Amino acid sequence: MPEIAAYLRIRSAHSPQWLDGGSRLAFLSDITGIPQIWLMPAAGGWPDQLTFEAERVSGAIASADGARLAFGRDVGGNERDRLYLAGPERALATADAIHSLGAFSPDGSALAFTHTERNGTDFDLVVLDLATGSRREVELEGWNVVCDFTEHGILLARAHSNVSHDLFLVAPDAGQPRLLTPHDGPEQYLPALLAADGTVVCACDRGSEHQRLARLDDAGAPSFFTDDTADVEAIAVHGDRLAYVRNEDGTSRLTLDGKSVDALPAGVIGGLAFSPDGTRLALHVSPGDGPTDVWVVGDQVTRVTRSSLGGVPSDLLRRPELRSLTASDGVRIPYLLYGPSDAPTVCHVHGGPESQARPSLNAVVQYLAARGISVAVPNVRGSTGYGKTFGSLDDVELRPNAVRDLAELAIELGAERGVPVGVMGGSYGGYMTLAAITEYPALWRAAVDIVGIANFVTFMERTGSYRRKLREAEYGSLDHHRELLEQLSPIHRVDAIVAPLMVIHGANDPRVPVQEAEQIVEALQARGHEVVYLRYEDEGHGLVRLPNRIDAYPQVAAFLERYLLA
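Per the numbering used here, residue 45 is the first one in the sequence shown, and the count goes up by one each step.
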C-alpha cells in the first residue's frame with residue numbers, strides 16, 4: 045500500500061467565488077502544498093494559479109459582479125491576516141493586527157471588514173474606498189464580523205461566545221450599528237445574510253434545539269422555515285432564490301429553491317455562492333472517501349475540479365460507519381468508525397469543543413485504517429450538531445462527563461478485553477487526549493496530543509485577548525472558576541500517565557500557545573516518562589505546510605503502530 049506521504053498529498057479545492065461575470069471560478073487549493081488561490085473556467089478546464097506566496101491564503105471573497113477579488117494571508121500560521129486585492133496584487137490592510145474579510149459594497153467600489161488595529165482585542169468596522177484608500181471607521185466592542193453588504197447596509201455579527209450572537213445593521217455610510225436581535229440568554233444567528241427586501245435570513249435557534257432557517261422581522265422575531273431536527277449551517281440568497289444546507293447527523297443535505305439536491309456526493313457541503321446572474325450555485329463537497337472539490341449546481345450538477353488523490357488508489361479510501369454508544373447516564377454518543385470494531389483502534393477526538401466529527405476525508409485517519417488500525421471518531425457530549433442541550437452537557441464543571449464518554453468508548457472498543465486502544469486529537473481534542481490518559485490511564489496504550497491544552501489557567505492567561513471572553517462561556521473564567529480550572533487541568537495529574545505520549549505544536553499558535561505543549565513535555569521528561577515532542581517554528585494552530593505534515597505524520601503513524609500493532 046502507499047506510504048503515508050501519498051495520503052498527505054491528497055489535494056483539495058474549496059471555497060469557490062465567481063469572477064468575470066460568472067465565466068470563471070476562483071477557489072482555494074493546496075496543490076502547491078499550502079493553500080493558494082487558483083482560477084478555472086466555470087465550465088471546467090485546466091486550473092491556473094493566481095497567488096504564489098510561501099504563506100497560506102486563509103480566505104477570499106469576490107464582488108457581486110465578479111470584477112474584484114480580495115483575500116487574506118497570515119505569516120507562519122499566526123492568524124494575523126493582512127488583506128490584499130488580487131490581479132494584480134495590491135495591499136489593502138497590512139498593519140500588525142487581525143483583519144477579518146467581510147464583503148464588497150454592491151457596486152464593488154468599497155470593502156467592509158473588521159480588524160483589531162486599535163487595541164488588539166476589539167474588532168472595529170472599516171469601510172475602505174478602493175479608489176481613494178480612505179477609510180470610514182466604526183469603533184466596536186468584542187469579536188465582530190461582516191456578514192453581508194447590500195444597498196440596505198452592512199450586516200454585522202457580534203459573537204458573545206461560540207453559541208451566542210447578536211446581529212447589527214450599519215448604514216452604508218458606516219453610521220452607528222443598530223441592534224437587530226434583542227434577546228435574553230444565549231441565541232445563535234449565524235450564518236446570516238440580507239435578502240433583497242432588506243430583511244435578515246439566518247440560522248436561528250430561538251426557542252429551538254437546532255439552528256433553523258429563519259427570517260427576522262423588524263423586532264428581531266424569527267419566522268421559521270425548517271423543522272427542529274437538524275442545524276442549518278450554510279445559506280446563500282440571490283434575488284428570490286434561496287439555497288441552504290442542513291446537517292443531518294453529520295452529513296450535509298442541500299436544498300435549492302425548496303427542492304433537495306440529491307446528485308451530490310454524500311459528505312460535508314460548504315462555500316455556497318450564487319453566480320452574478322443567479323442561475324448557478326457553486327459550492328464544495330468533502331466526501332468521506334474522496335477529495336474535497338468544487339461543484340456547480342445549475343441545469344445540471346457538475347464537478348468542476350478534480351483534486352489529485354496523491355497516488356492513493358480510490359478503493360483504499362473508506363467510508364465510515366455511523367455508530368453510537370449509550371453512555372452510563374443514558375446519553376447517546378455518536379461516533380464514526382473507520383475499519384472493523386475488533387481491531388486495534390485509535391479514538392480521534394475533534395477540536396472545538398463546539399464542533400463535530402463528520403464524514404469528510406482525513407488523510408491520517410484513512411492511512412491508519414488502511415494499515416489495520418481502526419479509527420473511532422466520537423462526538424462526545426458538548427459537540428455541535430445534536431441540539432443545544434447536548435452541546436451544553438460539557439460546560440464548565442460538567443467537563444469530566446465528556447472525558448468519561450471517551451473512556452466508555454474505549455471500553456466498548458475493547459480496552460478492558462485486551463484490544464489495544466490509543467487516543468489522539470488536536471486543540472480541544474488535544475486537551476481531551478491529555479485528560480483521558482491522566483483520568484483513565486489504564487485504558488490507553490498510546491496517545492498523541494496536537495496543539496492541545498495542558499493547563500486551563502495558563503491557557504486562559506495566554507490565549508489571544510480577542511478569544512478569551514468567548515472561551516470563558518465554555519470553560520469558565522479565571523475570576524470565578526480558577527480552582528475548577530486547576531482541577532480540570534491534566535498538567536496536575538501527570539504522575540498518573542502510563543501511555544507513551546507524542547506532542548506536536550506550532551511555535552506561532554495564537555489560540556493555544558506553545559507553552560501548553562512545553563509544560564506537559566517538561567513535566568514528563570522530569571519524571572523519565574516516554575514523550576516525543578515535535579515543534580514547528582513556521583506553524584500556528586495545527587500543521588498546514590505540506591513539508592511539516594510529511595515530517596510529522598509519518599512519525600505519528602510509526603508511533604501508533606509501534607504500540608497498537610506490536
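The beta carbon of each residue, even a glycine, is placed where N, CA and C say it ideally should be.
This one's a predicted model, so the numbers in the text were calculated from it and none came from an experiment.
{"Item": "Could you check what DSSP says for Glu277 in three-state terms: helix, strand or coil?", "Value": "strand"}
{"Item": "Look at the Cβ atom of Ala274, then the Cβ atom of Asn291, and state whether they are nearer than 7 Å.", "Value": "yes"}
{"Item": "Tell me whether the beta-carbon of Tyr379 lies closer than 7 Å to the beta-carbon of Pro331.", "Value": "no"}
{"Item": "Taking Cβ positions, are Glu441 and Leu528 nearer each other than 7 Å?", "Value": "yes"}
{"Item": "So, with DSSP's three-state summary, where would you put Gly473?", "Value": "helix"}
{"Item": "Going by C-alpha to C-alpha distance, which of Trp187, Val170 and Val189 sits closest to Arg180?", "Value": "Val170"}
{"Item": "Taking 8 Å as the cut-off, does the region 446-453 touch the region 483-494 (at least 3 CB pairs, one atom from each stretch)?", "Value": "yes"}
{"Item": "What distance in whole Å lies between the Cβ atoms of Asp271 and Glu253, which are believed to be in contact at a cut-off of 8 Å?", "Value": "The pair is not a contact, with the Cβ atoms about 11 Å apart (cut-off 8 Å)."}
{"Item": "Apply the 10 Å Cβ neighbour rule to Gly429 and answer buried if 16 or more other Cβ atoms are within range, or exposed otherwise.", "Value": "buried"}
{"Item": "So what does DSSP say about Phe268, is it helix, strand or coil?", "Value": "strand"}
{"Item": "CB Pro46 to CB Val356, shorter than 7 Å?", "Value": "yes"}
{"Item": "If we call anything under 7 Å between Cβ atoms a contact, is Gly305 one with Leu298?", "Value": "Gly is not the amino acid found at residue 305; the sequence shown has Val there. It is a contact, given that the beta carbons lie within the stated cut-off."}
{"Item": "With a threshold of 16 other CB atoms inside 10 Å of the CB of Gln93, please say whether the residue is buried or exposed.", "Value": "exposed"}
{"Item": "Is Pro221 near Leu200, with beta carbons less than 7 Å apart?", "Value": "yes"}
{"Item": "Taking only the alpha-carbon atoms, compute the straight-line gap between Ala156 and Leu381 and give it to the nearest angstrom.", "Value": "43 Å"}
{"Item": "For Trp90, does the count of other Cβ atoms within 10 angstroms reach 16, so buried, or fall short, so exposed?", "Value": "exposed"}
{"Item": "CB-CB under 8 Å to Gln510, same chain, minus the five flanking residues each way: which ones, in chain order?", "Value": "Here residue 510 turns out to be Tyr, not Gln, going by the sequence shown. Hits under 8 Å: Ile142, Thr160, Gly164, Thr165, Asp166, Phe167 and Trp187."}
{"Item": "Can you grab the Cα-Cα spacing for the pair Pro598 / Val588, in whole Å?", "Value": "15 Å"}
{"Item": "Can you tell me whether Gly374 is buried or exposed? The criterion is at least 16 other CB atoms within 10 Å of its CB, across all chains shown.", "Value": "exposed"}
{"Item": "Quick one: residues in its chain with C-beta nearer than 8 Å to the C-beta of Glu133, no 5 flanking neighbours on either side, listed in chain order?", "Value": "Thr95"}
{"Item": "When DSSP labels each residue in this structure, what does Ala371 get in the three-state scheme?", "Value": "coil"}
{"Item": "Quick one: measure Cβ to Cβ for Gly426 and Leu437, integer angstroms, because I've assumed they're closer than 8 Å.", "Value": "6 Å"}
{"Item": "Got a sec? Which residues, its chain only, sit under 8 Å from Arg526 by beta carbon, not counting five neighbours each side?", "Value": "Val501"}
{"Item": "Tell me the residue span of the alpha helix (DSSP H) that contains Gly435.", "Value": "Lys432 to Gly435"}
{"Item": "Check whether the Cβ of Ala139 lies closer than 7 Å to any Cβ atom in chain B.", "Value": "As a matter of chain content, chain B is missing from the structure shown, which is built from one protein chain."}
{"Item": "Which residue comes first and which comes last in the alpha helix (DSSP H) that contains Leu450?", "Value": "Arg443 to Glu456"}
{"Item": "Buried or exposed: where does His394 fall if 16 or more other Cβ atoms within 10 Å of its Cβ makes it buried?", "Value": "buried"}
{"Item": "In the DSSP assignment, find the unbroken beta strand (DSSP E) run with Ala147 in it and report its ends.", "Value": "His143 to Phe148"}
{"Item": "Considering only the alpha carbon of each residue, which of Ala278, Leu223, Ala287 and Gly294 lies closest to Leu260?", "Value": "Leu223"}
{"Item": "For His209 versus Gly242, is the C-beta distance shorter than 7 Å?", "Value": "no"}
{"Item": "Got a sec, what are the start and stop residues for the beta strand (DSSP E) Ile594 sits in?", "Value": "Unbroken run through Ile594 is the alpha helix (DSSP H), Leu590 to Leu608; no beta strand (DSSP E)."}
{"Item": "For Gly474, count neighbouring Cβ atoms within 10 angstroms of its own Cβ and tell me buried if that reaches 16, exposed if not.", "Value": "buried"}
{"Item": "Sort Phe115, Glu99, Ala98 and Arg100 by Cα distance to Ala106 and report the nearest one.", "Value": "Phe115"}
{"Item": "Who pairs with Gln61 in a beta bridge, going by DSSP?", "Value": "Ala70"}
{"Item": "Between Arg589 and the ligand SAH, is the CB less than 6 Å from at least one heavy atom?", "Value": "Inclusion of the ligand SAH in the displayed structure is not the case, the ligand content being empty and no account of it being possible."}
{"Item": "Output yes or no for whether 7 Å exceeds the beta carbon distance between Thr389 and Leu457.", "Value": "yes"}
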